[in-house]
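A.B. asks:
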Amino acid sequence: MDKPNSGGKAATNADIAGILGPIDSDKLLEILSLHPTVAEVEEAAMWLSGDTDVFGASPPVKGNVSHIVTILTAEEEEEQR
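For the sequence shown, the working numbering assigns the number 99 to the initial residue and increments by one for each residue that follows.
1. Using the DSSP secondary-structure output, state which residues sit across from A108 in a beta bridge.
2. Might you give, ordered along the chain, the residues of its own chain that have their beta carbon closer than 7 Å to the beta carbon of A112, omitting 5 neighbours on each side?
3. How big is the Cα-Cα spacing for A172 and H165?
4. Do V159 and E141 come within 8 Å of each other at the CB atom, strictly closer than that value?
5. Could you give the distance in angstroms between the alpha-carbon of G148 and the alpha-carbon of A115?
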């Protein structure tokens, strides 16, 4: 069931895997715990791929999109330290 004011359909395991590709099961569970919408997962995927820069600087990501990006880039940030 969609959450009120979620702006779209709640993302399922299959939606997330279809949008982001194969990801670690722990990361998948972490993302699912946020109860994101399909649109939020798609926005995070676009942000991570750099597609949001096509039309110039985009506003910073917020809310669930920001959390999804953080989850998916956590290991990269650890490696850079």
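We put the CB at the ideal spot given by N, CA and C, even for glycine.
C.D. replies: To lay it out plainly:
1. T135
2. Exclusion of the five residues before and after A112 leaves no residue of its chain whose Cβ lies closer than 7 Å to its Cβ.
3. 10 Å
4. yes
5. One C-alpha to the other measures close to 19 Å.
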